[in-house]
Each structure stands twice: as C-alpha cells, then as structure tokens.
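Participant: I'd like to ask some things about the structure below.
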Amino acid sequence: MIRRLLLLLLLFSGGYGHGQDLLSGKYTQDALQHILIPQAKWEPFPRREDRSGWSRADTGRMRSYVKEAESYLNYEWPSIPATTSLLIVRTGDRSRYEAISFKKRQVLGTLLLAEIYENKGRFIDPIVNGIWSICEESFWGASAHIPKTKENAGLIDVSDPFVELFSAETATYLAWADYFLGDKLDAVSPQIRKRIYYEVNNRIFRPLMTKYHGWMGKNGSGRRPNNWNPWICSNWLNAALLLERDDEKRAAMIAKALHVLDQFLNPYPADGGCDEGPSYWSAAGASLYDCIAMLNLASHGAFRYVFHDPKVVNIGKYIYRAQISDTYFLNFADAPPQPGMDGELIYRFGKDIADPDMVKFGAYYRRSSDGKLGRFHFFRNFYSLFMQDEYSKAEKALPLPEDVWLPDLQVMAARDKAGSTAGFYLAAKGGNNDESHNHNDIGNFVVYYNGQPLIIDVGSGTYTSRTFSDKRYDIWYNRSDYHNTPTINGQPQPAGSAFKAEQVSYKATKSSAAFSLDMASAYPSGADINSWRRTIQLNRGKAVTVTDDIDLKNARSYTEHMMTVYPAEVAAPGRLLIHYRPEQGKARDFLVKYDARQWNATVEKVKLGTMEDQGILKNWGDRIYRISFEAAHPQKRGKGIFVITPQ
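Numbers given in the numbering used here equal positions in the sequence shown, counted from 1, plus 21.
In structure tokens, the structure reads:
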C-alpha cells in the first residue's frame, strides 16, 4: 500500500516547486492522461441537444446573436486574393487582409451561437459554407506574420505550415463548431468534420509538436516571450482538448503546451507587471488565465493550485493597477490609451484568485450584448453566457489605488486620493529599450487631471510592415524624442536591452510620491553623459515636478520634451500655458513653470499623414503637440526643474 502511494506521488508530483515550472512541473504526461477527462466524455459546456443545460444560458444575449446572425444568412464568404496578401510587402498595408479574415471568423462564430440557441437548422448551410471557405484559405494567419524571406515575400509556403496568433484562433472556431454541431455537420456530409480535423492537425497540431516556434521561448536577444505565447497556447489547448480523439496524443499536446506556457511564466516579473500594457494584458496575462481555467474544466479542477501562486495573483491585479480613470489606462509601449475592458473575463479571474477588488472592477465593465462578437478569444463567450445572472447582480467599483509600485517592471503610478480620479494622476517608467512592443522611453512619464490626459504617452498608431521590422524606430511615436524624455547632445535613446534605467527608486507618503532613476545608460556613448538623474514627483493636490540633475562630459546641446493633446503657448518667460480642454470636465489652463534663463520653450503641432498615423488620429484626434525646452546655455553640470500646476 505504501509503495503504491509513493508511486502515485511520483506520478503526480513531477518537478514542481520553488516557483518555477508551475504548470509543467506538477504532473507528468502519464499523470495528465489520468486526470484529463477523456475527449469522448468531456463536456465543458452543455451539448447543443442538452436544452435543459442551455436554458441556463443568458437568453437576452443569445437572442441578440440570433438577430445578428440573421443578417448573415446569405453571407457571401469571400476568398483572400494573393494580391491582398502581397500588400504587406508592396505598400506595407496589413489591414485589408485582416479585415477579410477577421470578419469571416466573426460571422462563423455568430452563426454557431445562433444555431446553438435556436437549434432549428436554418444556420447550418451558412456555417458549412463558412467552415469550407476557411479550410480552403491558404493561410489562417495574418499576412504581416508571414516570414519575411525572399521565398515568401508576402505569400505563404503552404508546404511548410507554422502557427501564429490567428491561425491558432481559427482552430478554436472550427473546434467549437465540431463540438456543438458534429451530428448536424455529419448529416450534411461526413467530409466536413473530417476536413476540420485534417486542417487543424496539419496546420496546428503537427507543427506545434514537431517544430520550435520563436514565440515559445526567449528570442535571440534574450527577451522573454510576450502575449503570443499564452494567447496561442490558449487556442492550442482549446482545440486539442476538443478535437483530438486519441487521448494519448491529446495528453502529449497538453504536456507540451504546459512546458511552453512555463517559458512565459517562469521569467515573468514577480510584480505581475505587463510591459506590453493593459490592452495586451487581455492577450497575455488574461490568456494565461484562459489556459488555467480551461485546464480546470478538463480535469475536475486539478489546476486550481495555480490561482494561489503570488505571481499569478499579481498578474491578475495588474489590470486595475494600470487604470487611470474609467476609460483611460496607462499606455506605455504600443498600448492604446482607451482599451476596452473584458469585464466578464476580469470578473472570473478575480473570483479565482479571491481578489474582491478585481471582482468589483470586472463587474463595473458589464456591457449589454448587441450580438456583435469581439474579434478574438472566442471561447470566452461560452463562459460569459452562463454567468450573467450572477454577474448582473455583482457589486461594481473601481479600486483606483493611491499608489502603485511595480519594482520589477520599474513602473510607478500615484494619484491625489485613493478611489478617486479627482486631481492629479502621475505615472512613470524605467525599464529598458528591448521590452515587448518597445518604445524608446526610459524616464517617460504621463500626467492626467480629473481622469483626463494632460501630458501624454502618444502610444502606437496603425500597424504596418514597418511596425515590427528594422524600420520600427523610423516611426516617430516609437522614438524617445516624441516621448516625455530629453534629447542629449543631439542623441535620442536607441533601442536595445543595453539601454536601460539604473538606480531606480520609488517612495510614497501621504503628501507625495517620488520616482527617481539615472537615465545615463539609456543613451549612447555619443551623448557624453556621466549621469542624468531624473526625479518625477507628485505633490498631492498641488503639482507635478520633474527635476533633472545633469552631469555631462561635454555639453553641446540638450532639449527636454513634453507631449500633450492641447494647444500650448509661452505666456511669459518661464511660464508656458497648456490649454487643457478635456472631452469630459471643466476647461482650464495648466502652467509649466521653468527657468527662462536656462531654457527656450517652443511648441509644434505634430503633422499626422502617414498610414501609421491613422491609429493616432483614432486614439487622440488631430491634436498632438510637442513642447520642447532647449537649453539656452548648455552646462556640463546643472539642474532642470519643471513644475506642472493648475493656473
């Protein structure tokens, strides 16, 4: 008996411990095969024919899907021409390709939900057409993700499939169609489900099990995996659990997916900070949660232990720690300033990590359904359908913490008063210039007032072929001279992990919060810096002060930059006015005080006319201004002080 217990302990313990391999180290592959519910018996959500089960789904939401689906009964499923794929190399445009691809999947998902609810067969033929059309696509992913080689040049090599974000997403749509409508698809033709498995196996399962993909681990420069890792794994797990009938192969795929996920989780900062920003958290930390939630559904809760891990708890908390106001969130890197919040996902995550603030935060973002699906994470819709009664009654609140310090990410945030958007909000960052979705922005900061932007991080625009290429930093909003950082001796910050913040510290009291760093290592040797010590301080209820202690080897020139969304002007020497006119709230002027003997201030409106700038126009409108304070008499040693205060 003792020997049997020891064998079971070894079988289920693996190498788990010490915070590493939290997912893959708990169970061996043999153990996984024992704890996973067999594919033939697994029912993560009620089968379509279980009408009693579906009676518990939110009726209003399901009816909205039916109404939307009715507009697609005669949908003409488009193909994607080769020349549309080639746009990525011919003009840099990726949007036209993605518009066709994403729409097809939204339509298929909507039709599927409508047929589940109505169960009368009138959506089956459009669904069959959609499945067949998608299966006949040469590539399930985005044209921007096709390898940038001479052999590919904008068209996929169909003989050498690889897995990226949207090909994995596609497998999820097909897997749920198979799960819910298998009998109805077979009644039309046995070839439909056969084709689903063939294509998913050929395009997703086999490449993932036989090839190393770059998103699975660190890249060549040592940067840890980003959102691609858990996002793809969530869809891989979803498709494998639903479609793979061989339970041994199924367990092998789950085991490998867990190993890949640990390559994301092991090096993730202990503070839970997402260097990609709140919008990408929904595909990074939230996708990690998707994986754990789905594994628990497939194993009678064998992975619930993960929700007690401090790092996973912090990953969840990050989303409300990065909040500025009800619509604005901290948007360092490529993050947009006003990302949509998936309230239901956040609510579920908060419940699982037992964080009441996160639960209330998720409930705050409850939205009634209009029948239109989001573009990604299709499986989240099924969880949402069965939680609406509880969710609609949940307490709603925004935590709005007074102080946030993420020491691993080197990001701080502070506001005048906890639980309120009234008054000042300040955030600043250190880090390095090889972060995921990186901008060259060490020492950057933002200032909001009454929850509305004042000094901004412009963020990212529309993605094109340049966005993730060696021309990334030719795009103006990725460069440090269009962030709230200095240009020193003509040198902006370069990209690369060697360019980083040093001697980073943060201190918060009842009356103030101060973030300090040395920015010298963020600049190249040609900037001739001994040290550039920046301190950004919120004096609660009064002002934000930026103080730069300067120590240079040579002092040819240096210019301080500030970005805003309001017209600004020099009202008098040493007094620059920003005409704060928020979309919500009272208009007023803000004063930036500086030493007029030391700095010459100018204001320029940034021209927005490129393909990439279309995203900036969408996020901010045509109202980006850059304020520059150029040193009138550059000195090797000195101090620059800028005080931002209401007029």
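The beta-carbon is built from N, C-alpha and C at its ideal position, and this holds for glycine as well. As the structure is a prediction and not an experimental result, all values here were calculated from the model.
(1) In three-state terms, what does DSSP make of Ala576?
(2) By DSSP, does Gly235 sit in helix, in strand, or in coil?
(3) Buried or exposed for Leu31, going by 16 or more other Cβ atoms inside 10 Å?
(4) Run the CB neighbour count on Arg555, radius 10 Å, all protein chains shown included, and call it buried at 16 or more, exposed below.
(5) State the Cα-Cα distance for the pair Gly464 and Trp641, rounded to the nearest angstrom.
(6) Taking the straight line between their C-alpha atoms, what separation do you get for Val334 and Ala434?
(7) Would you identify the three-state DSSP class for Lys16, choosing helix, strand or coil?
(8) Just how far apart, CA to CA, sit Met362 and Ile109?
(9) Secondary structure at Ala666, three-state DSSP: helix, strand or coil?
(10) Taking its Cβ as the centre, do 16 or more other Cβ atoms sit within 10 Å of Asn95, making it buried, or is it exposed?
(11) So for Val334, helix, strand or coil by DSSP?
(12) Quick check on the DSSP output: what are the complete alpha helix (DSSP H) runs of length 4 or more inside the stretch 285-318, in order along the chain?
(13) On the three-state DSSP scale, how would you describe Pro147?
(14) Determine the DSSP secondary structure at Ser486, reduced to helix, strand or coil.
(15) So for Phe445, helix, strand or coil by DSSP?
(16) Count the other C-beta atoms from every protein chain shown that fall within 10 angstroms of the C-beta of Pro594, then say buried if there are 16 or more, exposed otherwise.
(17) Where DSSP assigns a beta bridge to Asp610, which residues make up the other side?
(18) So which of Arg401, Ala522, Glu185 and Ser180 has the shortest CA-CA distance to Asp539?
(19) What number of angstroms, rounded off, separates the C-alpha of Leu43 from the C-alpha of Tyr527?
(20) Give the straight-line distance between the Cα atoms of Phe397 and Ser303, rounded to the nearest whole angstrom.
(21) Report the start-end ranges of each alpha helix (DSSP H) in the stretch 49-135 that is 4 residues or longer and not cut off at the edges.
(22) Contact check, Ser188 vs Ile148 under 8 Å by CB: the rounded distance?
(23) Once the 5 residues before and after Lys438 are set aside, which same chain residues still bring their CB inside 7 Å of it?
(24) Using the DSSP secondary-structure output, state which residues sit across from Pro474 in a beta bridge.
(25) Can you give the Cα-Cα distance for Gly511 and Trp98, rounded to whole angstroms?
(26) Given 8 Å as the limit, is there contact between the stretch 132-141 and the stretch 79-89, that is, 3 or more CB pairs closer than that?
(27) Helix, strand or coil for Leu43, going by three-state DSSP, please let me know.
(28) Taking C-alpha atoms, which residue in Asp502, Arg401 and Ser300 lies nearest to Phe66?
(29) Note down, one range per segment and in chain order, each beta strand (DSSP E) of at least 3 residues found wholly within the stretch 522-568.
(30) From the DSSP output, read off the bridge partner residues of Glu365.
(31) I'd like the span of the alpha helix (DSSP H) that includes Trp197, first residue to last.
(32) Using DSSP bridges, identify the partner residues of Asn618.
(33) Taking the alpha-carbon positions, what's the His504 to Ser116 distance?
(34) Which same chain residues, not among the five before or five after Ile167, have their C-beta less than 6 Å away from its C-beta?
(35) Looking at C-alpha atoms only, which residue of Lys124, Gly606, Leu107 and Asn223 is the closest neighbour of Thr170?
(36) Please classify Ser255 as buried or exposed, where buried requires at least 16 other C-beta atoms within 10 Å of its C-beta.
Facilitator: Put simply:
(1) coil
(2) Three-state result, Gly235: helix.
(3) Interpretation of Leu31 is limited by its pLDDT of 36, a score under 50 that renders its predicted location unreliable; the figure taken from the coordinates is listed afterwards. With fewer than 16 other Cβ atoms within 10 Å, it is exposed.
(4) buried
(5) Between the alpha carbons of Gly464 and Trp641 lies a gap of roughly 22 Å.
(6) 19 Å
(7) The structure shown does not extend to residue 16, since the chain is modelled only from 22 through 668, so no value can be given for it.
(8) 30 Å
(9) Position check: residue 666 holds Thr in this sequence, whereas Ala was assumed. Reduced to three states, the DSSP call for Thr666 is strand.
(10) exposed
(11) DSSP, reduced to helix, strand and coil, places Val334 within a helical segment of the structure shown.
(12) 299-302 and 306-318
(13) helix
(14) coil
(15) strand
(16) exposed
(17) Bridge partners of Asp610: His600.
(18) Ala522
(19) 30 Å
(20) Those two C-alpha atoms are separated by around 10 Å.
(21) 50-56, 72-75, 80-91 and 103-111
(22) Not confirmed; about 20 Å, so no contact.
(23) Glu423 and Gly444
(24) Pro474 pairs with Tyr469.
(25) 54 Å
(26) Verdict: yes, contact present.
(27) coil
(28) Arg401
(29) 523-529, 533-539 and 550-560
(30) DSSP output for Glu365 lists no bridge partner at all.
(31) Leu186 to Val209
(32) Contrary to the premise, residue 618 reads as Arg rather than Asn in this sequence. Answer is none; Arg618 lacks a bridge partner.
(33) The straight-line gap from Cα to Cα measures roughly 26 Å.
(34) Asn173 and Ile177
(35) The shortest Cα separation from Thr170 among Lys124, Gly606, Leu107 and Asn223 belongs to Leu107.
(36) buried
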